[in-house]
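Novice: Numbering (the numbering used here), first residue to last: 254 to 730. A single structure is presented below for examination.
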DNA sequence: TGAAATGTTGGGGCG
DNA sequence: ACGCCCCAACATTTC
């Protein structure tokens with residue numbers, strides 16, 4: 254029987270299908286030893302919501318591996334130490350993994366190769382992006398800072414690729430190393446907070462595949478319009494699955510391409526717009542790779558001098574969905590309940606924090622990091638810097654969302670508000686996005702007492718807009 | 001992947 | 001019939 258085992262190090266690629274590292278390992282005529290290591294000391298440790306997801310995803314992965322006659326070896330501790338120890342204990346001759354793209358990942362991977370390459374074959378694969386950050390450059394040979402040309406190049410390079418199948422079976426090693434029960438990692442939240450997450454999410458590869466199939470069957474074909482309507486399931490809802498690699502980006506693209514090929518009458522325009530959104534994800538990783546400091550600091554130097562306010566009460570009101578602006582509050586409460594917020598509302602709520610409250614985007618990024626199940630270093634930094642106007646190809650600072658107009662435009666019947674801010678449910682459409690303008694009779698009729706069961710606006714948007722423009726003027730010249 | 005401020009136009013009321 | 005004014009409606013500029 255077989256030679257020495259191949260260690261397959263699982264990270265943000267918690268799937269069996271289209272997993273290049275696992276696939277390559279399964280082709281070797283030797284046992285496969287899947288391993289996951291929880292390093293509680295690493296930077297950018299997943300936030301609470303993300304850890305909830307990870308716990309369930311690992312559980313699912315372990316079951317899938319068991320069904321293939323294999324097992325997931327779970328350990329905790331410093332990653333390099335754990336891998337060395339495992340290599341030693343198991344006598345492994347190979348270490349395979351899919352590359353990660355956070356700055357710390359790059360560093361860790363090179364340390365692993367340095368340390369282990371003499372003793373076993375260390376091989377890494379591209380599993381999580383269409384184009385690795387360093388694979389693309391503009392005509393001057395420099396990293397892109399504008400999305401459109403970046404995406405144009407992506408499209409010229411994009412090929413129809415067939416995703417790899419899941420391995421039929423995985424040969425087990427003669428003995429399994431020590432494995433921690435998942436519960437020991439302390440990933441699941443102690444509060445009941447996350448219980449509602451299950452109403453929307455099924456972490457794991459099967460849940461991801463189901464979401465993709467559902468999306469390609471329906472919402473994809475009205476994506477151009479419906480993706481902006483927060484009260485509709487108009488988006489793919491794949492972000493957390495993609496973050497943990499329960500589905501690969503290549504599988505998603507292939508599914509869209511295949512649907513287009515099989516149903517030529519379908520709207521290519523909608524599909525193209527969706528693919529472009531995936532392009533923003535690629536762009537985020539590209540930027541993170543070349544400008545790693547932008548996780549915490551603005552890409553545009555001038556923004557370092559921006560006169561942000563200090564307002565713990567305002568921040569708290571925003572976090573709890575008590576700003577008095579219904580669309581903002583609805584978004585923040587959806588986030589708390591589902592670990593997710595519709596993208597249109599992320600822009601509105603983000604703009605409100607940064608431009609109406611004049612609070613640093615890093616505060617918003619930190620809250621999102623802890624509460625989003627799809628929290629992702631690259632996407633979070635890109636999204637917040639876009640909102641704040643301080644990033645690459647960002648929304649100009651003076652582009653300030655009006656929360657009332659945005660609400661009226663994208664939630665005209667107020668269904669989203671009524672769902673997430675139930676105390677406003679009885680208000681007529683006309684006032685649902687600006688309850689403070691309703692007459693006292695209307696408010697009474699709807700059972701609302703402003704300042705009691707729903708707050709007055711914590712800032713006046715028109716005044717806040719002027720303050721924001723004044724603040725912006727200070728850093729402009 | 002905004003919104004407000006400002007500018008322009010053209011139809012209709014009216015002396 | 002004509003010029004003048006008003007002001008939607010739309011376009012452009014500015015933040």
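Note that CB positions come from ideal geometry on N, CA and C, so glycine has one too.
Taking only three categories from DSSP, how would you classify residue 393?
Specialist: Sequence index remark: in the first chain, residue 393 carries index 140 (1-based). In the structure shown, residue 393 sits in coil (DSSP, three-state: anything other than H, G, I, E or B).
Novice: Out of 711, 336, 628, point me to the one whose CA is closest to residue 537's CA.
Specialist: Position 284 of the first chain holds residue 537. Answer by Cα proximity: 628.
Novice: Would residue 367 be called buried (16 or more neighbouring beta carbons within 10 Å of its own) or exposed?
Specialist: For the purposes of this step, residue 367 is taken as the residue at position 114 of the first chain. Exposed, because fewer than 16 other Cβ atoms sit within 10 Å of the Cβ of residue 367.
Novice: Assign residue 378 to one of three DSSP states: helix, strand, or coil.
Specialist: As a working mapping, residue 378 is identified with position 125 in the first chain. Residue 378: strand per DSSP, three-state reduction.
Novice: Looking at residue 501 and residue 268, is the spacing between their C-beta atoms short of 9 Å?
Specialist: In the first chain, residue 268 corresponds to position 15, counting from 1. In the first chain, residue 501 corresponds to position 248, counting from 1. A contact, by the Cβ cut-off of 9 Å.
Novice: My assumption, with CB atoms under 8 Å, is that residue 333 sits in contact with residue 361. Please give the rounded CB distance.
Specialist: Here the question's residue 333 lines up with position 80 in the first chain. Here the question's residue 361 lines up with position 108 in the first chain. Correct: roughly 7 Å between the Cβ atoms.
Novice: What distance in whole Å lies between the Cβ atoms of residue 634 and residue 581, which are believed to be in contact at a cut-off of 8 Å?
Specialist: As a working mapping, residue 581 is identified with position 328 in the first chain. As a working mapping, residue 634 is identified with position 381 in the first chain. About 22 Å; that fails the 8 Å criterion.
Novice: Taking residue 264 as the reference, which of 308, 479, 471, 584 has the closest Cα?
Specialist: Here residue 264 corresponds to residue number 11 of the first chain, with the count starting at 1. Ranking the options by Cα distance to residue 264, first place goes to 308.
Novice: Given this structure, state the Cα-to-Cα distance separating residue 726 from residue 555, to the nearest angstrom.
Specialist: On the first chain, position 473 is the one that residue 726 refers to. On the first chain, position 302 is the one that residue 555 refers to. Whole-angstrom Cα-Cα distance: 11 Å.
Novice: Is it the case that the Cβ atoms of residue 258 and residue 279 are separated by a distance below 9 Å?
Specialist: The residue you call residue 258 lines up with position 5 of the first chain. The residue you call residue 279 lines up with position 26 of the first chain. No. Outside cutoff.
Novice: Note the first and the last residue of the continuous beta strand (DSSP E) segment covering residue 328.
Specialist: Counting from one through the first chain, the residue named residue 328 turns up at place 75. Here the beta strand (DSSP E) through residue 328 covers 326-329.
Novice: Three or more beta-carbon pairs under 8 Å between the segment 320-336 and the segment 466-485, yes or no?
Specialist: Touching, no, given that fewer than three Cβ pairs across the two stretches are closer than 8 Å.
Novice: Look at residue 575 and residue 711 and say whether their C-beta atoms are less than 9 Å apart.
Specialist: The sequence position of residue 575 within the first chain is 322, counting from 1. The sequence position of residue 711 within the first chain is 458, counting from 1. Result yes, Cβ atoms of residue 575 and residue 711 sit closer than 9 Å.
Novice: With a cut-off of 8 Å, do at least 3 Cβ pairs link the segment 649-658 to the segment 612-621?
Specialist: No, they do not touch.
Novice: Just grab the DSSP bridge partners of residue 547 for me.
Specialist: The count along the first chain starts at 1 and reaches residue 547 at position 294. Paired residues: none, contrary to the question.
Novice: Taking C-beta to C-beta, are residue 426 and residue 343 nearer than 9 Å?
Specialist: Here residue 426 refers to the residue found at position 173 when the first chain is read from its first residue. Here residue 343 refers to the residue found at position 90 when the first chain is read from its first residue. Yes, the pair counts as a contact, with Cβ atoms nearer than the cut-off.
Novice: Taking a contact to mean a Cβ-Cβ separation below 9 Å, would you say residue 753 touches residue 595 in this structure?
Specialist: A question about residue 753 goes unanswered here, because the residues of the chain that appear run from 254 up to 730.
Novice: Is there contact between the segment 661-670 and the segment 383-397, where contact requires at least three CB pairs shorter than 8 Å?
Specialist: Verdict: no, contact absent.
Novice: If I follow the unbroken beta strand (DSSP E) through residue 348, where does it start and stop?
Specialist: Translated into positions along the first chain, residue 348 becomes position 95. Run containing residue 348: 347-351, per the beta strand (DSSP E) assignment.
Novice: To the nearest angstrom, how far is it from the Cα of residue 300 to the Cα of residue 306?
Specialist: Along the first chain, read from residue 1 onward, the residue named residue 300 stands at position 47. Along the first chain, read from residue 1 onward, the residue named residue 306 stands at position 53. Cα-Cα distance, rounded: 10 Å.
Novice: For residue 374 and residue 504, what's the separation of their Cα atoms in angstroms?
Specialist: Taking the first residue of the first chain as position 1, residue 374 is located at position 121. Taking the first residue of the first chain as position 1, residue 504 is located at position 251. Their backbone Cα atoms lie some 28 Å apart in a straight line.
Novice: Do residue 567 and residue 689 have their C-beta atoms closer together than 9 Å?
Specialist: The residue you call residue 567 lines up with position 314 of the first chain. The residue you call residue 689 lines up with position 436 of the first chain. In this structure, residue 689 does not lie closer than 9 Å to residue 567 by Cβ.
Novice: Determine the closest residue to residue 297 out of 655, 557, 630, with distance taken between C-alpha atoms.
Specialist: Taking the first residue of the first chain as position 1, residue 297 is located at position 44. Comparing Cα-Cα distances from residue 297 to each of 655, 557, 630, the minimum goes to 630.
Novice: Comparing C-alpha positions only, which one of 281, 271, 543, 321 sits nearest to residue 351?
Specialist: Taking the first chain and counting its residues from 1, the one referred to as residue 351 is at position 98. That would be 271, whose Cα lies nearest to the Cα of residue 351.
Novice: I'd like to confirm the pairing. Which residues does DSSP put opposite residue 468 in its beta bridges?
Specialist: Position 215 of the first chain, counted from the first residue, corresponds to residue 468. Bridge partners of residue 468: none, in fact.
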